[in-house]
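Participant:
Protein chains: 6
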Amino acid sequence: MEQDSWLSWKPWILAGLEDDGWRWDWTTLGCLREPDQQVRARLVAKADGVWAGDGCLRALEHVSREFGGEIRVSQNFFSGNRVKPGDLIATWEGPARLILAFERPVLNLVQYVSGIATSTRALCEALEAAWPNTGAPLPRVTSTRKTLPGYRDLAVLGVRLGGGEAHRVSLAGGVLIKENHIAAAGGIRAAVEGARKVAPHGLKIEIEVTNEAELDQALAAGADVVMLDNFSPEQVRSALSRVPSGAGRPLVEVSGGIRLETIASYAIPGVDVISVGSLTHSSRALDVSLLVDLG
Amino acid sequence: MEQDSWLSWKPWILAGLEDDGWRWDWTTLGCLREPDQQVRARLVAKADGVWAGDGCLRALEHVSREFGGEIRVSQNFFSGNRVKPGDLIATWEGPARLILAFERPVLNLVQYVSGIATSTRALCEALEAAWPNTGAPLPRVTSTRKTLPGYRDLAVLGVRLGGGEAHRVSLAGGVLIKENHIAAAGGIRAAVEGARKVAPHGLKIEIEVTNEAELDQALAAGADVVMLDNFSPEQVRSALSRVPSGAGRPLVEVSGGIRLETIASYAIPGVDVISVGSLTHSSRALDVSLLVDLG
Amino acid sequence: MEQDSWLSWKPWILAGLEDDGWRWDWTTLGCLREPDQQVRARLVAKADGVWAGDGCLRALEHVSREFGGEIRVSQNFFSGNRVKPGDLIATWEGPARLILAFERPVLNLVQYVSGIATSTRALCEALEAAWPNTGAPLPRVTSTRKTLPGYRDLAVLGVRLGGGEAHRVSLAGGVLIKENHIAAAGGIRAAVEGARKVAPHGLKIEIEVTNEAELDQALAAGADVVMLDNFSPEQVRSALSRVPSGAGRPLVEVSGGIRLETIASYAIPGVDVISVGSLTHSSRALDVSLLVDLG
Amino acid sequence: MEQDSWLSWKPWILAGLEDDGWRWDWTTLGCLREPDQQVRARLVAKADGVWAGDGCLRALEHVSREFGGEIRVSQNFFSGNRVKPGDLIATWEGPARLILAFERPVLNLVQYVSGIATSTRALCEALEAAWPNTGAPLPRVTSTRKTLPGYRDLAVLGVRLGGGEAHRVSLAGGVLIKENHIAAAGGIRAAVEGARKVAPHGLKIEIEVTNEAELDQALAAGADVVMLDNFSPEQVRSALSRVPSGAGRPLVEVSGGIRLETIASYAIPGVDVISVGSLTHSSRALDVSLLVDLG
Amino acid sequence: MEQDSWLSWKPWILAGLEDDGWRWDWTTLGCLREPDQQVRARLVAKADGVWAGDGCLRALEHVSREFGGEIRVSQNFFSGNRVKPGDLIATWEGPARLILAFERPVLNLVQYVSGIATSTRALCEALEAAWPNTGAPLPRVTSTRKTLPGYRDLAVLGVRLGGGEAHRVSLAGGVLIKENHIAAAGGIRAAVEGARKVAPHGLKIEIEVTNEAELDQALAAGADVVMLDNFSPEQVRSALSRVPSGAGRPLVEVSGGIRLETIASYAIPGVDVISVGSLTHSSRALDVSLLVDLG
Amino acid sequence: MEQDSWLSWKPWILAGLEDDGWRWDWTTLGCLREPDQQVRARLVAKADGVWAGDGCLRALEHVSREFGGEIRVSQNFFSGNRVKPGDLIATWEGPARLILAFERPVLNLVQYVSGIATSTRALCEALEAAWPNTGAPLPRVTSTRKTLPGYRDLAVLGVRLGGGEAHRVSLAGGVLIKENHIAAAGGIRAAVEGARKVAPHGLKIEIEVTNEAELDQALAAGADVVMLDNFSPEQVRSALSRVPSGAGRPLVEVSGGIRLETIASYAIPGVDVISVGSLTHSSRALDVSLLVDLG
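Chains as they are written, first to last, in this note's numbering: chain C, 9 to 303; chain F, 9 to 303; chain D, 9 to 303; chain V, 9 to 303; chain Y, 9 to 303; chain P, 9 to 303.
Here is the structure:
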């Protein structure tokens with residue numbers, strides 16, 4: 009009912025079953041002692057990380073009923089919780105035919121999203137640990153649009169469950185002028201004015217800049233948000249000194265190759281947003297497995 | 009026309025555009041100097057790896073025509089080629105409106121598949137380098153079913169372009185009896201016989217074993233392929249000595265946590281297949297970017 | 009290629025053909041002298057209004073080719089142009105079988121979108137005519153989310169071709185706190201703060217208020233945009249005097265039952281946006297017809 | 009279970025949610041005090057009209073369960089009932105997250121269909137009031153095929169709930185030879201004979217005529233139904249005198265710009281059907297709103 | 009462009025490729041000498057019958073281009089033509105990868121539809137041969153609604169290409185009151201009156217009767233068409249004597265187990281329609297095969 | 009939950025309703041005495057055969073609930089059971105509106121699949137009756153890929169319920185080198201080696217041969233399965249004498265025009281598989297009807 013809605017997971021469980029050609033699962037069809045054989049199975053963490061699969065388990069319950077069986081799930085860990093190797097995340101009970109069919113798609117999904125949550129949590133904690141005690145608000149860590157097509161909802165869910173926030177989730181949900189747009193428009197001022205003219209009045213105008221000269225132009229053009237792209241920590245500090253403060257002050261985002269090893273150096277008051285593409289395109293999957301108990 | 013068909017890529021380009029809500033790309037709509045502004049863009053590698061996106065560029069050309077524009081692509085590197093930072097993979101020419109809309113979905117896709125190809129190539133080369141000069145055929149490196157739902161075709165494509173091979177691509181395309189099936193069937197013999205009874209006559213019966221006792225039972229039951237799961241290299245050597253040779257000899261697969269650092273130790277004659285799940289669930293994306301040239 | 013993309017129209021042409029069960033068009037099948045009979049047809053305006061169907065004619069050409077025939081269209085009037093009764097908007101040439109099948113769906117669509125454009129144009133002109141010569145910028149006239157499901161893209165297109173602008177096109181593309189959200193949150197401050205916390209940093213926080221007390225709270229809470237709902241012109245003037253000016257000044261939107269007869273009275277400097285729901289839910293269709301020339 | 013089936017409404021509720029990008033409803037996500045916050049809401053008429061949304065409320069209940077929540081609806085007014093401003097049509101109870109998401113799509117739909125029912129009822133009543141006391145049966149008021157693509161089912165539902173009837177709902181469900189078909193066939197006789205030859209034997213052959221000469225030809229060719237297009241009331245009376253009576257007598261339909269102000273003049277015995285395109289393309293939406301009660 | 013439109017075939021070619029999991033056609037992938045190997049193939053009849061697959065070959069050409077290759081087809085026989093064993097129906101040229109992929113789906117389709125055309129032709133000819141030389145018009149032979157779901161369009165196409173006609177193609181396209189409807193309505197008169205009330209005015213009211221008493225009631229109720237269900241030829245003759253003649257005379261249909269061996273006995277003047285369910289549910293496929301010539 | 013899953017049937021019930029345009033079932037809408045009229049109906053066999061529709065009845069129950077009604081089914085006969093004329097297979101209870109809508113699609117489906125099961129059962133019994141008492145295992149009777157697109161799952165289900173087995177269900181699920189592949193590859197050896205190279209290691213390599221010379225080459229190339237295509241019984245015996253026995257012995261399949269009248273002559277020990285295309289492309293439908301009891 010909130011963002012971790014099982015509705016976001018359901019089509020992907022079905023897609024996984026489709027990939028698997030599950031109707032002709034000869035192995036399972038040959039091994040069941042009876043068509044309705046019931047089993048219990050344990051979903052167990054095999055690595056340290058952040059679990060982010062509640063919605064997937066809700067979808068599993070729901071879809072299993074649509075398939076004419078019923079898999080009942082009870083959970084010990086919930087989305088956002090840390091897990092360590094051996095932790096029993098959840099127990100499934102139901103028909104072996106379905107549990108064996110859903111196993112792989114469900115695991116493939118929860119490993120992916122939990123992997124993203126795990127990476128995000130690590131980054132947020134590193135930032136928080138390095139944050140100076142000045143009273144300045146901690147920046148947001150956000151994802152980018154670098155998500156596998158079709159998986160943006162789930163990828164952003166992983167980021168949020170790890171403690172990060174969404175950047176714009178679509179081109180319709182924010183304005184971000186990048187190098188290519190500037191060139192197309194013929195300059196920073198033209199780009200900012202053009203965007204402001206067509207964009208709905210509820211969207212801020214954000215622009216990516218690659219040096220201080222561009223930053224100055226962006227500020228002069230009235231940008232609401234400036235993104236410092238591939239600025240070193242020193243360059244960020246210098247840039248911040250050029251940004252006005254007070255009412256109507258623009259927000260400052262830093263971006264570009266920031267990773268677990270380097271985020272601490274970007275813990276600079278005045279930075280409002282840190283966006284990290286690798287969260288959604290290169291996080292390692294969290295190892296989780298399903299162990300079926302049979303009687 | 010061959011396996012790297014653009015048809016496998018097309019739905020995902022469309023899904024990426026959908027994620028992006030591309031019709032309301034306020035930024036681009038605001039920045040174009042004229043609706044039909046034409047541009048040229050360069051697709052450039054930013055890291056070392058194996059390019060695996062030819063089909064995606066074919067899909068880009070095709071889909072752009074369906075969108076009423078036409079993006080023309082000329083390539084310098086082709087699927088299976090190595091690339092290094094700065095290599096100009098391809099040039100795109102066409103309407104700015106479309107090139108800016110397709111940029112992100114295309115990059116998201118080719119980075120993913122090329123990342124898988126890159127990881128696979130590394131693994132294959134490490135295995136080949138370690139392979140003893142005994143005349144025994146080099147084992148296949150294969151993927152598993154640990155692929156993000158919907159992406160199995162593209163993930164396996166990446167593996168094959170990297171030099172690996174497909175394992176069964178669906179439950180309908182192979183029999184693989186695992187621990188859970190054995191328990192469901194009530195034992196190894198029952199599982200093998202049950203599977204052989206219902207499976208089409210053109211499928212071999214493969215069974216996963218976790219120790220030598222199970223291996224012996226599998227061989228006695230007439231398995232066509234045995235998978236040694238999580239066996240150490242020493243355990244693999246010992247197991248191989250129990251497998252019969254000659255006509256009708258079963259194939260031997262090893263699996264379980266094998267990675268770039270350890271694959272050399274599995275370079276053991278008699279092993280036919282090495283399957284590696286991380287290829288498709290945890291490869292790093294290959295960094296590639298698009299630079300628009302404007303006049 | 010720009011927003012009036014034929015891609016937005018295509019699915020609705022197909023839906024119209026589907027509604028019609030066009031494959032079993034017994035009337036046409038019985039009346040054609042030969043299966044490939046070619047005809048010419050004239051698309052003619054029957055009323056005064058603003059034409060807004062270029063994209064639909066592009067879609068017609070495109071889809072006709074997908075149907076194995078080819079309807080060629082030449083236009084005399086273009087999206088955004090005014091038309092009057094008798095104006096020959098466009099000529100179609102191609103197979104009678106297809107022209108007779110596409111006639112009704114295309115007319116149904118262009119009449120709808122042109123009707124919206126026509127209403128919007130009238131409203132914009134009435135506002136402009138009444139606008140005082142003070143140098144204050146003319147407010148935007150915008151649509152709302154009161155659009156028939158599935159038709160938002162085309163409805164907003166009609167508004168824009170008529171001279172209006174989009175409000176947020178989706179819940180993801182803007183924040184608008186209404187009466188119900190305030191109650192759910194437990195007050196204006198809680199609502200504004202809650203929304204600011206979860207919304208992407210590129211979205212402004214807009215809030216609807218129904219009286220001056222609420223307006224004051226909204227301003228105190230730091231709203232970026234205030235919407236004065238169902239305020240009389242006098243109430244708008246009074247409210248505007250409470251809104252701060254200068255850097256970071258919030259935008260002011262007025263809304264609620266504004267129509268052609270009353271918009272002039274809202275021509276009040278300081279108003280930034282006037283949103284009008286009836287544009288998209290109750291505009292009259294523009295009368296357009298297709299006359300087939302045979303012979 | 010009858011024609012007002014919620015199945016006709018369901019895809020459009022989903023389409024409306026899709027238009028809204030409801031998963032990223034930042035406003036609601038930010039305002040809920042707790043994810044499962046429950047509320048009650050009142051659906052209230054704001055204008056005089058005919059309510060025609062029972063099926064939509066059934067669909068709302070059904071779809072809400074598919075979304076993992078449950079909205080319970082109790083109704084005071086039912087499809088076909090008149091409503092006046094302030095009437096409490098129905099009460100909804102359920103999770104705020106869902107009620108706020110479904111509000112706009114449901115309102116957009118019921119306003120549209122109720123608007124059509126309202127216009128149709130007015131037309132039917134005006135006709136009935138003007139009908140002479142001769143014992144001749146009252147003509148049917150019917151819609152046409154001038155419906156927004158995809159919405160034919162719901163538009164015709166609105167007409168029927170208002171007291172009208174369906175004309176053919178698809179090209180497959182009736183034969184109607186119009187001016188263009190006559191020209192394609194090379195004359196009225198050829199058209200009628202051609203249509204009779206290919207059409208299923210259960211369909212009557214209807215033909216549109218624009219003057220008495222055409223009417224005579226249509227009758228001579230054995231048309232089962234004649235449609236008098238754009239005939240004035242006097243022309244209708246004259247035409248009726250030429251139509252044979254007795255067994256096998258053709259039906260007479262009048263059509264063309266008939267509206268609330270003019271329908272009384274077409275209350276002419278002998279007319280069987282009056283078809284009115286504006287019912288489905290230009291009815292005003294019925295104003296209905298949802299008021300959430302929070303506690 | 010006419011009813012044998014390739015659009016009706018296209019989705020089924022795609023469904024056949026889907027059934028086949030054509031992307032992983034290991035056999036073909038392993039056997040091609042080069043990815044783009046071109047071949048020529050001959051489509052040859054292996055039995056006597058009526059060819060009915062022109063639309064499928066058009067769809068083949070069209071879809072092959074959508075797949076990035078191009079299969080060019082030249083035909084010697086056309087839909088409606090008779091073929092005998094050995095006749096070269098058509099030649100295909102194009103990429104081996106695609107020709108081998110499309111072979112099976114295309115053959116499966118054309119064999120099915122041609123089989124229906126072949127059975128229909130035989131029935132029509134038997135009827136015509138037995139028809140007495142009285143000047144009475146030959147009855148239509150029609151199909152029924154006994155078609156495999158999804159295949160109604162193609163099944164009816166086969167019937168029409170064989171010389172038969174469509175019965176109503178959908179419930180929306182005709183009224184046919186059967187035994188069950190009579191019981192639901194509480195009698196023949198109630199059923200006829202109920203149907204006439206709700207059905208569009210362009211539909212005749214047809215009713216199925218199983219004996220002369222029912223026939224009399226149907227006629228008295230004003231049925232436009234009567235269907236004599238499972239009447240023997242003698243019973244048909246007797247029934248015909250009770251049906252009025254002249255203007256407004258009802259049509260007479262016979263139905264129920266009529267087959268090639270018995271249709272001659274139903275060659276009775278006064279019968280207007282003979283409907284035969286087995287045409288679409290039990291016709292034998294026409295044997296056709298594809299022979300690839302390679303160089 | 010096992011292979012006779014109602015999920016395989018559901019989309020086809022929906023497709024049948026779609027073919028029928030069930031929402032506008034004027035006949036039923038006109039005949040119901042009240043919208044919710046409840047009825048009972050009996051599903052009765054009208055011919056001898058094998059019932060194979062359990063899954064369809066489950067789908068009926070399930071889908072009826074999705075349609076807002078509920079059809080309850082109780083069965084006397086189950087999939088795989090023989091039925092004879094007059095047998096009461098099942099009773100349905102529920103709303104007349106739905107039962108009359110679902111009647112035709114359900115009958116069309118169960119007649120088709122039961123027809124396939126019936127033909128298969130006859131073939132298996134004829135084979136078993138003719139099988140010599142030598143202790144050699146009875147061959148499998150299998151279907152082929154000659155199935156109507158979209159219906160492979162249900163067609164193979166019919167075969168299996170009749171006592172047969174699946175051949176490969178897709179190109180991805182087996183390797184079968186046919187004449188055309190041999191030509192493409194340039195010979196039998198090249199084809200076998202090419203296929204073995206790219207096919208997953210769990211697939212056997214099967215090859216179709218048309219004479220003994222080809223058989224010898226196939227055996228020499230190491231084929232795992234040989235298919236003797238269009239061999240007479242004598243040719244089969246001769247061929248069998250050339251096939252090696254013992255460990256690693258290839259399987260032998262015979263195919264080509266085998267039918268009920270001739271299968272006994274192929275009851276030859278050493279044959280492992282008999283595949284029969286006509287089972288799925290030319291079986292007669294099993295006659296089954298629905299009789300509604302009203303009262």
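Positions of the beta carbon are idealized from the N, C-alpha and C atoms, including for glycine.
On the DSSP letters alone, give me the boundaries of the alpha helix (DSSP H) that F/Val244 sits inside.
Facilitator: Where F/Val244 is concerned, the enclosing alpha helix (DSSP H) stretches over Pro241 to Leu248.
Participant: Counting only beta-carbon atoms, is P/Arg197 nearer than 8 Å to chain F?
Facilitator: P/Arg197 does not count as touching chain F.
Participant: With distances taken between CB atoms, is the gap from F/Val234 to F/Ile215 smaller than 8 Å?
Facilitator: Their beta carbons are under 8 Å apart, which means F/Val234 touches F/Ile215 by this criterion.
Participant: Taking F/Gln83 as part of the beta strand (DSSP E), name the residues at either end of that continuous run.
Facilitator: Here the beta strand (DSSP E) through F/Gln83 covers Arg80 to Gln83.
Participant: Pick helix, strand or coil for Y/Asp237, following the three-state DSSP scheme.
Facilitator: Residue state, collapsed to three classes: strand.
Participant: Just the C-alpha distance for F/Glu242 and F/Arg250, rounded to the nearest angstrom, thanks.
Facilitator: For F/Glu242 and F/Arg250, the distance between alpha carbons rounds to 13 Å.
Participant: Per DSSP, what are the beta-bridge partners of V/Gln46 in this structure?
Facilitator: In DSSP, V/Gln46 forms a bridge with V/Pro103.
Participant: For a minimum of 4 consecutive residues, which ranges assigned as the alpha helix (DSSP H) are wholly contained in the region 13-79 of chain F?
Facilitator: Correct list: 18-28, 34-39 and 62-74.
Participant: For a quick check, are the C-beta atoms of F/Arg160 and F/Gly24 less than 8 Å apart?
Facilitator: In this structure, F/Gly24 does not lie closer than 8 Å to F/Arg160 by Cβ.
Participant: Drop a sphere of 10 angstroms on the beta-carbon of P/Ser240, count the other beta-carbons inside from all chains shown, and report buried for 16 or more, exposed for fewer.
Facilitator: By the neighbour-count rule (16 or more Cβ atoms within 10 Å), P/Ser240 is not buried but exposed.
Participant: Is the number of C-beta pairs between the region 27-34 of chain C and the region 81-99 of chain C that are closer than 8 Å three or more?
Facilitator: The region 27-34 of chain C vs the region 81-99 of chain C: no contact.
Participant: Note down, in chain order, each residue of its chain lying with its Cβ closer than 8 Å to the Cβ of V/Thr142, except the 5 sequence neighbours on either side.
Facilitator: Pro277, listed in sequence order.
Participant: Can you tell me which of Y/Val149, Y/Thr99 and Y/Asp56 puts its alpha carbon nearest to the alpha carbon of Y/Ile271?
Facilitator: Residue Y/Val149 is the option with its Cα nearest to Y/Ile271.
Participant: What first and last residue would you give for the beta strand (DSSP E) that runs through V/Ile2?
Facilitator: Residue 2 of chain V lies beyond the residue range present for chain V, which begins at 9 and ends at 303; the question has no answer from this structure.
Participant: Counting only Cβ pairs nearer than 7 Å, list the residues of chain V close to D/Ser290.
Facilitator: Chain V residues near D/Ser290: Arg292 and Ala293.
Participant: In the DSSP assignment, find the beta strand (DSSP E) that holds D/Leu259 and state where it starts and stops.
Facilitator: Taken as a continuous stretch (DSSP letters only), the beta strand (DSSP E) holding D/Leu259 covers Leu259 to Ser263.
Participant: Figure out for me which residue from D/Leu15, D/Gly210 and D/Ala53 has the closest Cα to the Cα of D/Glu122.
Facilitator: The question names Glu, but residue 122 of chain D in the sequence shown is Ser. Minimum Cα distance to D/Ser122 is reached at D/Ala53.
Participant: Helix, strand or coil for F/Gly125 per DSSP?
Facilitator: Checking the displayed sequence, the identity of residue 125 of chain F turns out to be Ala instead of Gly. In this structure, F/Ala125 counts as helix in the three-state DSSP scheme.
Participant: Can you check whether the C-beta of P/Arg50 is within less than 8 Å of a C-beta belonging to chain C?
Facilitator: So, not an interface residue.
Participant: In this structure, how does DSSP classify D/Leu287 when only helix, strand and coil are distinguished?
Facilitator: Helix.
Participant: What residues from the region 212-234 of chain C come within 7 Å of chain D, judged by C-beta to C-beta, listed N to C?
Facilitator: From the region 212-234 of chain C, only Lys212, Glu214 and Val233 have a Cβ closer than 7 Å to chain D.
Participant: Does D/Ser178 have its Cβ less than 8 Å from a Cβ in chain C?
Facilitator: With 8 Å as the cut-off, D/Ser178 counts as an interface residue toward chain C.
Participant: Classify V/Asp301 as helix, strand or coil using the three-state DSSP reduction.
Facilitator: The answer is strand: DSSP assigns V/Asp301 an E or B state.
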